[in-house]
Each structure stands twice: as C-alpha cells, then as structure tokens.
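Protein chains in written order, with this note's numbering: chain S, 884 to 1198; chain V, 229 to 601; chain U, 601 to 1106.
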C-alpha cells in the first residue's frame, strides 16, 4: 500500500464523510448566531439517523420503494425541527440554562432513537440508501474527479448549502434579525423584533439541518443504523461552530479537517499499518480538544450566546 | 401574596414537571406498544418485592451517590462535569491495575491503595478538563464529553491488550476482561447472599463529609463563590481558576472512586459495559437532589430503584433498556425548566394575578389584608 | 401613519413589579412641539413609565391616548407605528453592524422581502441626517463610533423609523458639558417638528430645555407644571420631598504622604487597544482625588489595574511603599486596598449568597472568620450584625440573599464590607449611580468620614456635581492619560468640561 494511494483514499473519503458534520454544524451555526447553543445536536442527529433509515427498512417493495430515501430525509428534517422546537420551549420560553438542557435533549434523543431501533428493527441490517451520482465530465478529471465529483447527490447539496447559508445569514432580513438577536437582543427588542420568535425559528432550522445530518449518516455513509452510529458527531458539530468562528466558510474547513481525522483511522486499517485501532478512533476527539484549546474565540462570538432574553429584567 | 399560595404554586410547578417527564416516557412506551401504567408499576414495585431486590437497589445507589456528590461539587463551583463516564473508567483501570500489579501486598495496604489509585486516576482525568477550562477557556461540557469518548477507547484498548486475563487468551474466547482481582481487595459483603458491599458505608460517610466541605470550610466557600458569582469572587481576591480546577479534581476523584468501588465491591474484575451509564445517571441524580448531599442520597436510592426496575421490565416484558436514557433526558429537561419557575418571584406574581382573575379563587391568592394594599 | 401627534395623554398608568410599585396612577400629557421633562430621583419610576409609553412594558392599569384615541402598544413596533420612539440611556445599537444595518433592523417595510435592501436604509439615513443636521456615516460600524456619535445615530434611527414624539432617557449622562450644550441646542431646534419627553435628574438642563415638567416620587406624580415658574432648588425640593443638602468637602485637614503612586501605566483594553497609555497619578492619605472624564476613557481599566484584575503591561503602581504592579488581587486586598466596583450586582456581591456571607467575601480565610480551614460561623454572624447596624442596612435578617436587596442597600453592604476592613486606600467607581438621594447622602458622609481618618480615596464618577462637592483635587482622564490635576478651588464645570473633551491650555 503506497502513500499516494492512501492519501487519495483519505481525501476521496474525507469529502463525503464531512457532510454529516457539515450539515449539523451549519444548522448549529444558525442556533448560535441567534444566541442559543444546542448541545442536544447529538440527540437530534440520532433521531434523524433512525427516522431517515426507517422508511427504507420498512418499505422494501411497492410503489413507495424508490422514494424511501427522500421520505427518510423529510422525516429526519421534520423530527429534527420538532426537537429544536422542544429545545426552544425549554431554553427560550422557560429560559433554562442551555448547557445542561442540551445534555438532557441529547439523552432524550439518543434514548428514543435506541429504543425505537430495538423495537422496530432489532438487529443491524442494511438498506440500499442513496447511490453515487458522478457528475458527467467533471468526475473524469484524474485525481480531483474522484475526490470531488464522484459522490451521492446529498454531498453536492450539502456543499451548496454553504454559500446558501452565508447568503441567508448576511444578505436577507431574516439573517439580519438573527444576527441582531444573538449580539444585542435588547436593541432588537426595542425595534419591535420578537427576540424569542427569531430564536425559535433559528432552532427549527438548526434542528432540521441536524436531522438531515443524521439521516445522511444512516442513508448515505454507513447505510445502516446502530447505537453508536453518531459517535459524538453532534458534539463535534457544536465545537466546529466555535472553531469555524461562526462563519459558514470556517465551519466547512473545520468539517473537512475532522472528517479527515476520521477517515485516517479507516485508511490505516485498510493499509495494514500497525497502529492500535483504538488510538486511531480517539484521534478526532482529541483533535476537538486541541482545537478548542488553541482557538481564542471568546471575544468573537455572538455576545448574547448562552444568555436567555428577558425583557422584564430591570437593567 | 399569602404563604399558602406560594406553597401551592411550588407544588404545582413540581407536579407539572413530573407529569411532563412521565408523559414523555409514557408516550414513547405507547409508540412501542407497551402500557405505561404496567411499566411504571413494575419499575416502582418490582425491585422492592424481596430482600435481594432491595439490596440491588442499594448496590446501584452506591456509585450513583459517589458520582453525584462529585457532580454536585463541580456544578456548584460553576463547572459542569459531564465526564463522569470517562472518569469512572479511568478509575477502574487505575484501581484494577494497581490491584493486579501488587497481588502480594496485605489487605490493609492493597485495598486503600487500590481505592486511592482509582480516585487519583479519575481526579487526573477530571483535572484535564479543569485545566483546559481554567487556562484555555475551553467549554467544559465539550471537553469532558470528548474525554469520555477517549476514555472509552482507552479502556477497550487496555482490556483487550495489557490488562486482558491471560486465561482468555489461552482458551481463545477473547472476552475483553481483566483477570480476577486478588481477594485482598474485595470489599466485604454487608448482607450475605447479596451483592451489597461496604461501599455503601463509604458513600454515606463521604456524603456527610461533602456537606462539611462545601458549607463549613474555606475551600468550600471559595468553590461556591466561584460558581455563584465568579466576577464578584475575582474582585474579592478569590482565585477562581484554581477553584475550578480543584472542583474538577474532586468531581473526577469521586467518579474514579465510584469506579474503583464498583470493581472492588461488585464485579471483582474489570469488564466491558461496567459503568453502564452511571456517569450520566448521576448527573440527573445530582440535579434531582438539589446539588446537596441531603438530597442526593435519597435521589440516588430512587434512581437505583428506577435502574433495577428498568432491568426487570427488560427481562420480563421486553422494554428496551434505552428507556432509562429517555427517562433521564426527560427528567433533566423537566427539572431545569421547573427550576426557572420555582425561585422566580416575577412568575409567581404573574401566576397569582392570573389565578385571582378566576372567580372564587381570589381567596387562595391573598388574605384580606393583602388585598387591600 | 403620518398623522402628527397633536396630543398625547397618559391616564392612571400603574405598573407593579414583585415587591415594588413602580408607577402609581400616573397621569400626564404632552402637546405638539412641547418639551416635557420627567424628573425624579433614581428609582422614582421614570424609566419604567417611558418604557411603557414606548411599548416595552405593559401597564397593569391605565391607558394611553394619542390624539384622544386610546391606543394599546404590544411592542415597540406598535409605538413606532403611532410615531413614538425612544432613545435609551444605554444605546440600543448592535456594535458589529453598520449604522445602516442597525436602522434597517427596525424598518418593517424592508423585512418582507427575500433580499435585504441596505441601500434603501442608507438613503433614508442620509436624508434624515441632512434634514435635521445630525451628521452620521451610514457605513461606519457602531463600535468604531464615539459616545456622542452613537447618540446622534440613535436620534437619526428613531427619526427614520417614524418618531414624531421623541423620548430621551438621560441623554446627557455620558457627554461632556460642551457636548451637552450642543445636544440641548439641537433638540430645541427639533421641536419645530417634534414633541419631546426627556428624563433627567440634572435640574439645570431641565430649566434650559423644557417647557413643562412632571416630577415623580416613588412612582407617583407629585407635581405637574410649567418649568419657567420654578427655580432649580424648588424643583429639587419637590423631587426629594425634603431639604436634602448633600455634604460637601470643607477642605479641613491636610492630606499626608502619597499612598498610591502610578507611573507611566500602560494597560490593554478588551479590544487589545491601549486603554491606559502612560498614566501618571498620585493619591495621598486623607484626600479625595476625583477622577472626572467621559466614560470610556480608561476609568474602568485603571480601577481594574489598581485592584490587580488587569495585567500591567508597562509602568509601575506602588501602594503603601510596595510595588504592586504585578501582584495578585488577593495580595493587593491584603495590603489594605478597598474597592467599590462599578457593577454592584455582578462585581460587588454574590447575589445568591446571604448578606452575612457577602460581608466576609474578602476575609473569610483570615483568622477572624476561620480556623484550620473551617469557617467560624459565630464570628461571621457577629460581624454581620455589627455592620448591619453601623451602616443601617435595611433587611429582614442577615441570612437573606443579598441580591434581593434594593440597589441602595446593596451599595451599603459593599461599603460596609470595604470600610469594615479598615482600608488604607479606597477606589470607588460610580458609587452613587442609580441610588436614591437618601443613600447618596449616606455614602457621601461615609466617604468624607473616611477622608478624615486619613484614608486616601480615588473617586471615579460621571457626575461632575459629585466630584466638585467631594474632591480635594480633580484629575481629568482623557484617552488613557491624566490630562491635568486641578485643585478643588480652581475646578469649575467649564474648565473640567474642556479638559474632559481633551482641550488643554497648551
């Protein structure tokens, strides 16, 4: 196994492997820009993964069969949005502390996904999932073609979501409201903007994207569901938003970086290099810690991040 | 507003929260085709039907108490330790490792040494997150969660590798578990024929000591001030960063000790799935117990019951064990929501005003004197 | 709606917060082109009342009438629809957005579309700014602007959003005397088209600008009348309900040796800039050195650096003969430095701790309150009782959470703690901000008493009156340096005002 082949493998796997992280992190970016950090992302991704997988598993033949993946994605987005709404109820309406509430949501999401999995599916089975759609012409380019243009359509959509997110956040009135609400909610309030409503909207979008990220894992990446499928990606997505300095471009870079760390583990196994499996698996998590420690982001984030808004608070 | 209304209000909030949590769990149970009533019934009554069941509840309560005490110390100091899962595992590795490395030592030395090793291992693992937060301002929830995953991998590695029972290798079954620990370190049984061990006494003693620590010592005052008002504490000369690290050392240490106690008292060897979610359950126990030892002990017993009950429902009716995670998540969400309404004079007043508009209930809200003002 | 506001009436407005009656059946009115001054002590309910008018709070009772028609404001958007806009005391501008974006935030017409038309917002900003002679740069980011410029932006913003009645909450609190005069003039010109209600506790401004004045005390209207008919002292008496004569420094005693020496101090601010840029200062025992200056010129950073809470990059600070430039806050506290911080709730007390716990916040580890690591509860209790009496702290018991006390009482708790330790020097930052006159009188007395006990006091304040009343010498801070130190006898509003704006005699 030569180094060049290994590098090619890592890179061509790295792009699709980053999609789940990318989608979830972009969603979380909207949450955080509006002032709310949702650690329940992990739970949302688990539910999204299960519900994305379920239609394909249950419907094996018949008229609906070709559409199960689409249905799965739609269900995952819906459930993600619903969980985002629940999180909004607890942290925006009830104004509970976001950190611990996020852990609660995570437990709830992971627990329900696991319970439903055991009940409806029971064992580890595969689905057909979503096949690759190589882009004509472009995918023939040597090297780059394989790395960039030979993937399933969700990958292309996810990367298109990056500039779309930038546009949404920076060039639309809604994005303006989101940014104001996350930085100086009181100012937004005095100009007639319903701070809590904007935060709910951001959580809905963020939840939906988290659900999609989870569905990607079960439908496109692993093409199956298991208890440890998400394996901390939801938390990594939250960390990515800090690392990417709350910008879609930074987040994309971070997602690629982390997915490379994950594919590294696969590559060395395939390559037959003697490196303890467990230490390779540890790599992405250790990388998150390293990255968080090295990025001094305190003063750059949305100033109202983590603080519930209360108009009656007498300043 | 009368004291009577304030009491009614608090009760109503707590009841609403409990109902919401139960309803969430009930909903999931219905979806998977089980009756919530029978399930709850089994959980609440099943474990208490015989002595063995009761001792099993207490067996679960021991690690829950220990970890929750540590979690409470950290939460009150302003640093949210979600890493107990990993800290427990490191504690197990250290205590088992020490016990297996010095099998010849007498009990009087090896047992405390093992427990100490477990405590130190957990403390170190927790300390990493503490330093990351104090020096590098790294969000401790993220770092402790990452450390959990890293510890899990480390644990598996050690159990499949250096610590594996040579007997497993010989027979070729390859079950990842360590050798049996020397008898010298086994904790005594309190009730013969059951798994209840002297760790229970340790847990109760430590609960009392934690109370003294937090509310009667200068160190405890420092940690509580850092948690309740870090800025003001800093202005008063309290070294907040140091307090945070110390709090994490305590939290990790308690978790590590819990792991050591589990392996020395119950399993007598390091096995897979040993921590079985105690790290997360303990967070719920700590919150449920109001982050105070006096509340944590009964909360731990209650949760021990829930855990044993959930096991029973899984074996008898087939309710998946993940339901416990659902319950825990729902309880956390319910508790943190309820807390915002319990100590909130604005909300209480708004509620009073709402209720007083309902004809006939005016007297519930205020006495005649207050109504005049 | 372009209908002008001919008449605005508030009838019987009542608002309750837990334990406080903020507004008590308030009735007042404003006519077109009029300027109404809303006056009262801190805590009298002025801001709450205006927040109700601006649509931020809902009244519990009473109603608002515009041109005789009752209106109900569920949010500031409703208020703006009717032509009522408010400029708050703390500016409501998003710092990292441009001026145009901030204004666009409130322009409802722009929010219905997919794409944000910032150009339109820009155009309106420039139009309004030109019309009212309030020059603003629509492309500047708010954090880059000075306090005076930000206030202009706030005015332009409220006008762009359709305000025909302007509510201004303490508009001159962060301005130099010259900027204040400038603003009052502008506002007078604007009355040709607008009505104005402004909140102030500075009676000379009230006399200058307003046509009519309404005085609030404890949430209720105690007087409603024409400004021209009263002198400032009459208004003051009506405001407080009694003759309050704030104590003044009579200049007795003479200051001793320097206790605090600052040389060439350079300290970085939160944004990495030099907040203190070579500052020299000397504080002597038994004197009150007032530090005057527009907020944002380094006062906060100076106080923090003296307390050891901000690193000293260059220069030296020596206290009582010892170099404390790089000492920890603990060491500085132990040496005898007292500190009354700006944010009493966040920096002065731990809100959820009891009163008695807060009173030992700096000393809990000393022999007096602890032994071998264990707290001496009886000692802590006794200390709390003693201080409570000495400083007249109003509370039901010393076990209540300190955060539940009123602002004035919290300040007394902090004062009690600091003074009870017998400090050698005291740094007091805006000590009477937001407290009623009774508490202000008490605090001033305590400070003067300290002075006669040979304690050196550095008094940082925005209120020139307070500085002029209490100081032996006045230092003016400007852009991180001390521009001049003026003896009390020579310190006048005009002179200090010029210095605060950076104008020196050179």
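Note that beta-carbon positions come from the ideal geometry of N, C-alpha and C, so glycine has one too.
Separation of residue j from residue i, as counted between CA atoms
i                       : j                       : result
residue 607 of chain U  : residue 816 of chain U  : 21 Å
residue 915 of chain S  : residue 1058 of chain S : 12 Å
residue 316 of chain V  : residue 986 of chain S  : 19 Å
residue 364 of chain V  : residue 991 of chain S  : 31 Å
residue 237 of chain V  : residue 230 of chain V  : 11 Å
residue 743 of chain U  : residue 699 of chain U  : 10 Å
residue 339 of chain V  : residue 345 of chain V  : 10 Å
residue 450 of chain V  : residue 1046 of chain U : 30 Å
residue 1108 of chain U : residue 1014 of chain U : Residue 1108 of chain U lies beyond the range of chain U shown here (601 to 1106); nothing can be said about it.
residue 447 of chain V  : residue 850 of chain U  : 46 Å
residue 924 of chain S  : residue 289 of chain V  : 30 Å
residue 465 of chain V  : residue 931 of chain U  : 8 Å
Member of the options whose CA lies at the smallest distance from the CA of residue i
i                       : options                    : result
residue 768 of chain U  : U/639, U/871, U/610, U/909 : U/639
residue 1091 of chain U : U/891, U/989, U/906        : U/891
residue 420 of chain V  : V/321, V/337, V/284, V/235 : V/284
residue 864 of chain U  : U/875, U/857, U/871        : U/875
residue 432 of chain V  : V/306, V/327, V/576, V/527 : V/527
residue 1054 of chain U : U/1031, U/753, U/1019      : U/1019
residue 242 of chain V  : V/507, V/567, V/482, V/259 : V/567
residue 1137 of chain S : S/1001, S/988, S/1045      : S/1045
Buried versus exposed, by CB contacts within 10 Å (16 or more), residue i
i                       : result
residue 272 of chain V  : exposed
residue 1009 of chain U : buried
residue 334 of chain V  : exposed
residue 398 of chain V  : exposed
residue 1178 of chain S : buried
residue 208 of chain V  : Because chain V spans 229 through 601 in this model, residue 208 of chain V falls outside it and cannot be assessed.
residue 967 of chain U  : exposed
residue 1158 of chain S : exposed
residue 488 of chain V  : buried
residue 674 of chain U  : exposed
residue 651 of chain V  : The requested residue 651 of chain V is not part of the displayed model; chain V covers only 229 to 601.
residue 1129 of chain S : buried
residue 670 of chain U  : exposed
residue 291 of chain V  : buried
For residue i, three-class secondary structure by DSSP
i                       : result
residue 1059 of chain U : strand
residue 995 of chain U  : coil
residue 922 of chain U  : strand
residue 414 of chain V  : coil
residue 607 of chain U  : strand
residue 817 of chain U  : strand
residue 331 of chain V  : coil
residue 785 of chain U  : helix
residue 893 of chain S  : helix
residue 985 of chain S  : helix
Alpha helix (DSSP H) segment containing residue i, residue limits
i                       : result
residue 502 of chain V  : It is not in any alpha helix (DSSP H) - residue 502 of chain V carries neither H nor E in the DSSP assignment.
residue 438 of chain V  : 427 to 444
residue 829 of chain U  : Unbroken run through residue 829 of chain U: none, as it is neither H nor E.
residue 1045 of chain U : 1037 to 1052
N-terminal and C-terminal residue of the beta strand (DSSP E) that residue i is part of
i                       : result
residue 940 of chain U  : 937 to 940
residue 858 of chain U  : 858 to 868
residue 874 of chain U  : 874 to 884
residue 311 of chain V  : Neither: residue 311 of chain V is in no beta strand (DSSP E) and is coded neither H nor E.
residue 795 of chain U  : 795 to 800
residue 627 of chain U  : 620 to 631
residue 1077 of chain U : 1073 to 1078
If you measure beta-carbon to beta-carbon, which residues of the segment 466 to 499 of chain V are closer than 9 Å to chain B?
The displayed structure is made up of protein chains S, V and U, and chain B is not among them.
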